[in-house]
Structures are given as structure tokens and as C-alpha cells.
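Numbering (the numbering used here), first residue to last: 61 to 277.
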């Protein structure tokens, strides 16, 4: 999961609005596309904010933007949007995006380039695709790593809802570390529980003098 980038999951066709758009018009956009929010772009396609259903509905509720119907109709997106926008870069990991969404309690993140120009959008639903790989497929991939990459017996691999449980034994401690790292990076793996033991701790010797050569794989 850690190697999956935001660019792999984002949607590059994004509905956006300018800050000068009337609130009643952005309400129509949200309803037309059945979305909970849209990024707000300046004249150079830079993300300057985000306007959501909550921002629009808040006009009719007690709060800093609460207005009567005539006054609310005269407001623009720039006056009610949330700014600065919380964004993510396309090269960041999907896991980082998921943590940011959870921490900020948001449903979608505009994806921007190095100049803060909009290049896409990623949603919670997009991120959930990381966890939709069947357990049976994950188990086969783990078995492939054990046999082909590490050249060790397959041992006992159990996968339930993306959680991989490993049992067995490897020859060297370095193999165990490599195994866990490779399994954790498999798409769809949520967590790894290891009960694998190692017969020989080769990591101390290699760290001190480099007298042991690297593993052949």
C-alpha cells in the first residue's frame, strides 16, 4: 500500500468553480454532479479554496455566514469558501492522503502540482479501492514472494480482510526483515501479523564490518 501514489487513484477530470460565482450557482453545480464539494480556482487554475455543501447550507443556519435568503443569494463562492484549501501532491502516497483526510475530517482532496495548479481530485472512495483486492489474490502474491523472491518455504499464510498473518521459519534474520517489508507493500494489504522466526541473526555482522555478502535475491 505504501508504494501507491495519489496519481494512481485520483480523477483528473474535476468539476471546479471560480471565486466570483454566485452561491446559488454553485449550489446548482453540487446538485447537478451529485458531489459534496468542489475546488475553487483562480484565473491561473491555482486552488485558492474549497466550497462544500456544508458551506452553502450554513448560510441558512446560525454561524458567521448566516444570512436571510436575499442576502445569501448575493454572496459569492469566494465569500463562503474554506481557505486556504487542504491539498495533496500527485506524487505523495495514498496512505499519506488517507491520513490527511482522516485527521482533517474531509471527504476529498484537490491534487495540485508544484505551483498549486489543479491536476485532479482524490476522494475517500478512491482510497478505499486500495483495500478491495481479494484475500485469495493477496495470499497468492505473498506465496510468490516467499518462493520466488526469498527462496524460502511458503509456510503458513492466512489473509482475512487484507490482514496477513504469517507463520513459519526463515534461515536468516535479514530474510525476515525483507519479507515483512515486501508483504507490507503489496496492494490491498492492511496490516501484517508475523509469527515467523529466523534461524540465524546475520544482521549484526553485516552491519559492523560488511564481512557477509548481500543476499543473492
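By construction, the Cβ of each residue, glycine as well, lies at the ideal position given by its N, Cα and C atoms. Quick caveat: nothing in here was measured; it's all calculated off a predicted structure.
Please determine, among 172, 226, 207, 253, the residue with the shortest C-alpha to C-alpha distance to residue 66.
Looking up residue 66 in the chain shown gives position 6. Ranking 172, 226, 207, 253 by Cα distance to residue 66 puts 172 first.
Suppose you measure from the CA of residue 244 to the CA of residue 193; what does that come to, to the nearest Å?
Numbered from its first residue, the chain shown carries residue 244 at position 184. Numbered from its first residue, the chain shown carries residue 193 at position 133. Approximately 14 Å, taken between the alpha carbons.
When the Cα atoms are used, what is the spatial distance from residue 197 to residue 241?
In the chain shown, the residue the question calls residue 197 occupies position 137. In the chain shown, the residue the question calls residue 241 occupies position 181. One C-alpha to the other measures close to 18 Å.
On the DSSP letters alone, give me the boundaries of the beta strand (DSSP E) that residue 258 sits inside.
Counting from one through the chain shown, the residue named residue 258 turns up at place 198. Segment 251 to 260, the beta strand (DSSP E) holding residue 258.
For residue 205 and residue 239, which I take to be in contact (beta-carbon distance under 8 Å), what is that distance rounded to the nearest angstrom?
As a first step, residue 205 must be located in the chain shown, where it is residue number 145. As a first step, residue 239 must be located in the chain shown, where it is residue number 179. Contact holds; Cβ gap of about 7 Å.
Evaluate residue 200 with the Cβ neighbour count: other Cβ atoms within 10 Å of its Cβ, from every protein chain shown; 16 or more gives buried, anything less gives exposed.
Locating residue 200 in the chain shown gives position 140, where the first residue counts as 1. Exposed.
Applying the criterion that 16 or more other CB atoms from any shown protein chain within 10 Å of the CB defines a buried residue, is residue 99 buried or exposed?
Along the chain shown, one-based indexing puts residue 99 at 39. Buried, since its Cβ has 16 or more Cβ neighbours within 10 Å.
Checking the sheet assignment: what are the DSSP bridge partners for residue 111?
Locating residue 111 in the chain shown gives position 51, where the first residue counts as 1. Paired residue(s): 98.
So, for residue 115: in the same chain, excluding its five sequence neighbours on each side, which residues have a beta-carbon less than 6 Å away from its beta-carbon?
If you number the chain shown from 1, residue 115 lands on position 55. Excluding sequence neighbours, residue 115 sits near 140.
To the nearest angstrom, how far is it from the Cα of residue 113 to the Cα of residue 260?
Translated into the one-based positions of the chain shown, residue 113 becomes position 53. Translated into the one-based positions of the chain shown, residue 260 becomes position 200. Roughly 59 Å between the two C-alpha positions.
Do the segment 64 to 79 and the segment 179 to 188 meet, that is, are 3 or more Cβ pairs less than 8 Å apart?
Cβ pair count under 8 Å is three or more, so yes.
For a test of the three-state rule: what should DSSP assign to residue 162, helix, strand or coil?
Along the chain shown, read from residue 1 onward, the residue named residue 162 stands at position 102. Three-state DSSP puts residue 162 in a helix.
With a CB to CB cut of under 6 Å and the five nearest residues on each side skipped, what residues in its chain are close to residue 253?
Along the chain shown, one-based indexing puts residue 253 at 193. These residues qualify, in order along the chain: 225.
Taking the alpha-carbon positions, what's the residue 269 to residue 263 distance?
Stepping through the chain shown from its first residue, residue 269 is reached at position 209. Stepping through the chain shown from its first residue, residue 263 is reached at position 203. Residue confidence for residue 269 is low, a pLDDT of 45 falling below 50, so the modelled location carries little weight; the figure read from the coordinates is stated next. Cα to Cα, residue 269 sits roughly 11 Å from residue 263.
What's the C-alpha gap between residue 119 and residue 236?
The residue you call residue 119 lines up with position 59 of the chain shown. The residue you call residue 236 lines up with position 176 of the chain shown. If you take the alpha carbons of residue 119 and residue 236, they lie about 57 Å apart.
I'd like the span of the beta strand (DSSP E) that includes residue 242, first residue to last.
For the purposes of this step, residue 242 is taken as residue 182 along the chain shown, with counting starting at 1. Residue 242 -> not in any beta strand (DSSP E); alpha helix (DSSP H) instead, spanning 233 to 244.
Which residues in the same chain have their Cβ closer than 8 Å to the Cβ of residue 75, if we skip the five residues on either side of it in sequence?
In the chain shown, counting from the first residue as 1, residue 75 sits at position 15. Excluding positions up to five away in sequence, the list reads 89, 93, 95, 98.
State the Cα-Cα distance for the pair residue 15 and residue 178, rounded to the nearest angstrom.
No answer is possible for residue 15: the residues shown for the chain start at 61 and end at 277.
Helix, strand or coil: which one does DSSP assign to residue 216?
Position 156 of the chain shown, counted from the start, is the residue given in the question as residue 216. Here residue 216 sits in strand by DSSP.
Smallest Cα separation from residue 142: which of 79, 105, 248?
Translated into positions along the chain shown, residue 142 becomes position 82. Checked all of 79, 105, 248; the closest Cα to residue 142 is 79.
Checking 8 Å against the spacing of the C-beta atoms, do residue 217 and residue 202 come in under that value?
Taking the first residue of the chain shown as position 1, residue 217 is located at position 157. Taking the first residue of the chain shown as position 1, residue 202 is located at position 142. Yes. Within cutoff.
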